[in-house]
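Chains as they are written, first to last, in our numbering: chain P, 10 to 407; chain Y, 10 to 407; chain H, 10 to 407. Glycine included, C-beta positions come from ideal geometry on N, C-alpha and C. Quick caveat: nothing in here was measured; it's all calculated off a predicted structure.
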Amino acid sequence: MPPDNLVHDLTAALTAVPLIDPHSHIDPLAPTAKSLDDILGYHYYTELAHSAGMGQRLLAKDADPRERCREIVTFLERFDNTAQHAWFAEIARTFLNFPGDRITAGDADALFDAAEKTFAQPDWEAQVFAATNLEKIFLTNEFDDPLTGFDTTRYVPCLRTDALVFKLHEPAVVARLAKATGIEVGDAASLRAAIRKLFEHFSAHGAKACAISLPHDFDPTASPAFLMLAELCREFRLPFDLMIGVTRDVYPGGVHQGRDLFDRGGSLVQYRDLFNAFPEVKFPVSVLTSAQNQELVAYSWIFPNVVTCGHWWYSNIPAYIGRDLTERLQAVPKTKQVGYYSDAYKLEFVLPKFGMYRRILAGVLADEFVRPGRATEAEAVDLGRRLLRDNVREIFDV
Amino acid sequence: MPPDNLVHDLTAALTAVPLIDPHSHIDPLAPTAKSLDDILGYHYYTELAHSAGMGQRLLAKDADPRERCREIVTFLERFDNTAQHAWFAEIARTFLNFPGDRITAGDADALFDAAEKTFAQPDWEAQVFAATNLEKIFLTNEFDDPLTGFDTTRYVPCLRTDALVFKLHEPAVVARLAKATGIEVGDAASLRAAIRKLFEHFSAHGAKACAISLPHDFDPTASPAFLMLAELCREFRLPFDLMIGVTRDVYPGGVHQGRDLFDRGGSLVQYRDLFNAFPEVKFPVSVLTSAQNQELVAYSWIFPNVVTCGHWWYSNIPAYIGRDLTERLQAVPKTKQVGYYSDAYKLEFVLPKFGMYRRILAGVLADEFVRPGRATEAEAVDLGRRLLRDNVREIFDV
Amino acid sequence: MPPDNLVHDLTAALTAVPLIDPHSHIDPLAPTAKSLDDILGYHYYTELAHSAGMGQRLLAKDADPRERCREIVTFLERFDNTAQHAWFAEIARTFLNFPGDRITAGDADALFDAAEKTFAQPDWEAQVFAATNLEKIFLTNEFDDPLTGFDTTRYVPCLRTDALVFKLHEPAVVARLAKATGIEVGDAASLRAAIRKLFEHFSAHGAKACAISLPHDFDPTASPAFLMLAELCREFRLPFDLMIGVTRDVYPGGVHQGRDLFDRGGSLVQYRDLFNAFPEVKFPVSVLTSAQNQELVAYSWIFPNVVTCGHWWYSNIPAYIGRDLTERLQAVPKTKQVGYYSDAYKLEFVLPKFGMYRRILAGVLADEFVRPGRATEAEAVDLGRRLLRDNVREIFDV
Chain P
10 MPPDNLVHDL TAALTAVPLI DPHSHIDPLA PTAKSLDDIL GYHYYTELAH SAGMGQRLLA
70 KDADPRERCR EIVTFLERFD NTAQHAWFAE IARTFLNFPG DRITAGDADA LFDAAEKTFA
130 QPDWEAQVFA ATNLEKIFLT NEFDDPLTGF DTTRYVPCLR TDALVFKLHE PAVVARLAKA
190 TGIEVGDAAS LRAAIRKLFE HFSAHGAKAC AISLPHDFDP TASPAFLMLA ELCREFRLPF
250 DLMIGVTRDV YPGGVHQGRD LFDRGGSLVQ YRDLFNAFPE VKFPVSVLTS AQNQELVAYS
310 WIFPNVVTCG HWWYSNIPAY IGRDLTERLQ AVPKTKQVGY YSDAYKLEFV LPKFGMYRRI
370 LAGVLADEFV RPGRATEAEA VDLGRRLLRD NVREIFDV
Chain Y
10 MPPDNLVHDL TAALTAVPLI DPHSHIDPLA PTAKSLDDIL GYHYYTELAH SAGMGQRLLA
70 KDADPRERCR EIVTFLERFD NTAQHAWFAE IARTFLNFPG DRITAGDADA LFDAAEKTFA
130 QPDWEAQVFA ATNLEKIFLT NEFDDPLTGF DTTRYVPCLR TDALVFKLHE PAVVARLAKA
190 TGIEVGDAAS LRAAIRKLFE HFSAHGAKAC AISLPHDFDP TASPAFLMLA ELCREFRLPF
250 DLMIGVTRDV YPGGVHQGRD LFDRGGSLVQ YRDLFNAFPE VKFPVSVLTS AQNQELVAYS
310 WIFPNVVTCG HWWYSNIPAY IGRDLTERLQ AVPKTKQVGY YSDAYKLEFV LPKFGMYRRI
370 LAGVLADEFV RPGRATEAEA VDLGRRLLRD NVREIFDV
Chain H
10 MPPDNLVHDL TAALTAVPLI DPHSHIDPLA PTAKSLDDIL GYHYYTELAH SAGMGQRLLA
70 KDADPRERCR EIVTFLERFD NTAQHAWFAE IARTFLNFPG DRITAGDADA LFDAAEKTFA
130 QPDWEAQVFA ATNLEKIFLT NEFDDPLTGF DTTRYVPCLR TDALVFKLHE PAVVARLAKA
190 TGIEVGDAAS LRAAIRKLFE HFSAHGAKAC AISLPHDFDP TASPAFLMLA ELCREFRLPF
250 DLMIGVTRDV YPGGVHQGRD LFDRGGSLVQ YRDLFNAFPE VKFPVSVLTS AQNQELVAYS
310 WIFPNVVTCG HWWYSNIPAY IGRDLTERLQ AVPKTKQVGY YSDAYKLEFV LPKFGMYRRI
370 LAGVLADEFV RPGRATEAEA VDLGRRLLRD NVREIFDV
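As structure tokens, this is what we get:
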């Protein structure tokens, strides 16, 4: 079928583009998985297994990893329809040489053993980088991260600022800030001085972004710490990633990292004063729900400093990606779109997640540009490369 | 064309699955239509005809049924583009042997006569069950329904609780409750005792669910009666169907049952405390608008006790079903999805409504699973059967 | 490929339907562009160029038009992925004989010169009407527009009422109203008398609608002026176009007409009392965001006096049009849908905008009606003609 050939060819061309992944939770000192438990312990699997009926006992921190993996694999079948399951299946096939079509309960031990052996190879990190065609990947660093012991041109530091905006009432956070900066914060001036120290530290270590996740009802102008961060992003010429829409701890009985959800309210109009006050700061914006994508499209179409950024968490599902991406490609300047980020905790997830995105991107490029005669195949690949790589380089200056 | 063959084959395989319809408004003592007026009197037709210009005169209760049908059929042409019209066309072709391609004003009398004759057959109910491949169908029973005079394994009782939560200030409702339970409700304790009696009565008669429809701004924790219902669902092990988002009587001048609409506000986050407090109760959740589907997907993905349920009313339209279904299949465990219910008032509607759903489901299974190579055709049918039947059996214990 | 043939044939048949464009901002005394600057000065291009990095200097009113066009054309490449760019490319090819595939910075002067020459032809207006197959086009007239000097059967007046509802506190507006009507407004009675004069004036000059744009949180029943307008629409039998959802001046530093955005809140339920109180007034409703389309579908399905109307501004993008149109065609009577309007400031834009709409409409008709066997090709064209033309004639009585 010719249509499939086109999508196949576009996917292949996009797969040849070296990746710069602009948002992840990789620990640069332990970037790859050490065991199958590091893969299946990803919150997507623990929360889906739990949601599908798995109890909390084996999800406890001190439970036996092999037993936990057996249990999660047993429950996998109940969500083998999901996109999240497809990522695991691709990891099993690509990295663990899993030969079959379906992963069943009986495969758990073989997978566990294969993972142990595979991940122990001394050059495993390099193998994953090569297999993934990965060039650089952004980190999510706490403000007191020393940022040492790793290659910051490969693992690009990013200052995560949630604690500075939402947890400065906690003595432990103030103490960490004092330890990191040598400044005891007591008023606005000392807070500014301390945060400034952080920006100096991060800039000196090659940081390329500041980032924060925000609840749906956040009012940027009501938070002095948030505004200081914006001012320092301006001074240090760092883009400020806004990840908008998470409500924390909606299900306190959930698994680790599987307790947050969202509220349907909130609007980007809450950010109007911020966007107006900081024209020099680029704001790559992620929205948690597809329902907010039209706002993101319109605000990026109007505000020079607002940039669409990836497909976050609950919207990192093909149906939402395809729809949101199509809308962005039809109405936002192509230079203002950061296509995708992996949000990965372990490097092994970059391949299946970007693989999913590239297939969707190829489909949209085929349907919206090549087939209607708006672009040649080569031009469509150029557009895809822009979303995958060129814009990351330009917007984050890497 | 091979793609059409695939969808056709999948549809055929799904049509062979005996249906258990988990939500309807069937009167088990008069389950089928007696005349064409029982078909065209369905609020979907009266409201669309009225919206398209039909006056209220012939819509009055005491108007002549044949005249009313003539008038509705005359107006049918103004909405022959709609999905609702397609259900009627399928009923006309399947059950009334209507031979033509288009139903026009001149067909009204012949259809009326054909209906009269067809529906009068002594075994009509059995014929409809057979033609529909219907095994069981859930009812919507008022709390004081005696639940007698019908086979409760075929017509499964379900306790509808809107009156208990929203109308206990009406003396007539309190009187009905007293009559049904023998308890004069005056305080929380007597209310609990009365509702407990209802659960005992319904359970004794094979009820398999408790259900309620709720406005967009409902706060479950602010309603003692609602929380009592949840507690009794826990005790009696009944799923609690939540149908979220209806605003009653927005258009008081509308036709019977065609006066309710919705408000764009509201969020499932309002139910967080409920979902957290009742982990043992399964909550099959219907949302009135597609805009709330991503919430439903995410809450079902995280909360073990939240289950996606059907495509309700204003979302029971192919565009919304296709989108919402795709999102659910990509992100919610397959064991936690009740695919569809008919919401029918007469049995004749189960066939065209489930027919519509099966065609959409077949299309999604083809596009999302078979064509990308994620599942064989047989596996896709298994997945479809799960949504159509297996999950209803497991979740509602039938 | 046969599917493409079908869409191609349907598009061709729809292109043969003479257009009545029910909403534009055409100046009937200067309906066509005089220079390329009148085309590229359209806010869609200035705002996208500005969003993509173009400074404000050349966007100033007194900047040199040729230089401005050069600059905008230079920035065009940064948004050549967008639907808005495709309109310009179609204008360049169709009206300016642009021969190439891609417009680049080097093409600016040639395009400018071609436009100057082309647009100066004495019969240019007639040529555009003919090329566009345009029969009539609605205007947006300020309340004190004399409505003289043009053919009101071709350029149909429409009373725009934003100023009367939102700016009566401004002395300049009151003065304009006094000058237009001879009535000094001081109380409700004099306001009603003045607005009545406006309706008499507009009706005498063939006005076919009253229109207003509204913020997301507008409460119709709290505005006496708005209710007077509704009463006068009833008396003068004029449809009242409601364009719902714009938030003005969100980005004050933006380009002319590129400063407004929206808020995600608001619901059509706010209009329930209005729709109930004025059953005789037709309300063609436009919503600014696709997220409100399901409300529009449901309210039009229930309320006889609510009509779906076009795809407005931020929703005038193929992804939103396709989705919203499909939903409307599946659930709203076909007689209650005004398909599209150009919103154009210059006649040259009617062709590419309606061209985009017709291609999308043809695709939806093919997928939803012809291919599933619900309609023949001829019946599908009839349905399309209804949305494009017949409904405009019936609803606006032209």
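The beta carbon of residue 331/P sits closer than 6 Å to the beta carbons of 369 from its chain, once the five residues preceding and following it are set aside; these are given in chain order.
Residue 326/Y and residue 296/Y do not touch by the CB rule: their CB atoms are close to 14 Å apart, not below 8 Å.
Put simply, of 403/P, 405/P, 399/P the residue whose alpha carbon is nearest the alpha carbon of residue 28/P is 399/P. Cβ-Cβ separation between residue 74/H and residue 36/H: approximately 18 Å, too far for a contact (criterion under 8 Å). Assigned with DSSP and collapsed to three states, residue 63/Y falls in coil, not helix or strand. Under the 8 Å criterion on CB atoms, residue 215/Y is classed as non-interfacial with respect to chain P. Close CB contacts of residue 404/Y within its chain, under the 7 Å cut and outside five residues either way in sequence, are with 248, 291, 293, 316, 347 (chain order). Using a CB distance cut-off of 8 Å, residue 342/Y counts as an interface residue toward chain P. Counting the other Cβ atoms within 10 Å of the Cβ of residue 231/H gives fewer than 16, which makes it exposed. In the same chain as residue 106/Y, and ignoring 5 residues on each side of it, the C-beta atoms closer than 7 Å to its own belong to 123, in chain order.
In this structure residue 130/P is exposed. Its beta-carbon is surrounded by fewer than 16 other beta-carbon atoms within 10 angstroms. One Cα belongs to residue 340/P, the other to residue 351/H, and the distance between them is close to 17 Å. Not one beta carbon of chain P lies nearer than 8 Å to the beta carbon of residue 317/H. Three or more Cβ pairs closer than 8 Å define a contact, and the segment 375–391 of chain P falls short of that threshold against the segment 168–175 of chain P. For residue 83/P, same chain residues with a beta-carbon under 6 Å away, outside a window of 5 residues either side, are 114 in chain order.
Residue 357/H counts as buried, since no fewer than 16 other beta carbons sit within 10 angstroms of its beta carbon. No Cβ of chain P is located within less than 8 Å of the beta carbon of residue 361/H.
Residues of chain Y whose Cβ lies closer than 9 Å to the Cβ of residue 285/H are, in chain order, 259, 260, 261, 262.
Of the residues assessed, residue 38/P falls on the exposed side of the cut-off, its CB having fewer than 16 other CB atoms within 10 angstroms. Using a Cβ distance threshold of 8 Å, residue 401/P and residue 146/P do not count as a contacting pair. Under DSSP, the beta-bridge partners assigned to residue 167/P are 218/P.
When rounded, the separation of the alpha-carbon atoms in residue 34/Y and residue 14/Y is 35 Å. In the three-state DSSP reduction, residue 73/Y falls in the coil class, being neither helix nor strand. Under the three-state reduction of DSSP, residue 156/P is assigned to coil, being neither helix nor strand. Comparing C-alpha distances from residue 318/P to each of 26/P, 31/P, 22/P shows the shortest one belongs to 31/P. Only those residues of the segment 40–60 of chain Y whose C-beta falls short of 8 Å from the nearest C-beta of chain H are listed: 56, 57, 59, 60. Note on geometry: alpha-carbon atoms of residue 91/H and residue 281/Y lie some 41 Å from one another. DSSP, read as helix, strand or coil, puts residue 406/H in coil.
Between residue 207/P and residue 187/P, the gap from beta carbon to beta carbon reaches 8 Å or more. Assigned with DSSP and collapsed to three states, residue 146/H falls in strand. Take the alpha-carbon of residue 88/P and the one of residue 345/H: they are about 43 Å apart. When C-alpha distances from residue 362/P are compared across 279/P, 157/P, 321/P, the shortest belongs to 321/P. Sorting 311/Y, 164/Y, 367/Y by C-alpha distance to the C-alpha of residue 63/P places 311/Y at the top. Within a 10 Å sphere around the beta-carbon of residue 217/P sit 16 or more other beta-carbons, which makes this residue buried. Distances from the CA of residue 59/P to each of 364/Y, 314/Y, 41/Y, 278/Y were compared; the closest alpha carbon is that of 314/Y. Secondary structure of residue 131/H (DSSP, three-state): coil.
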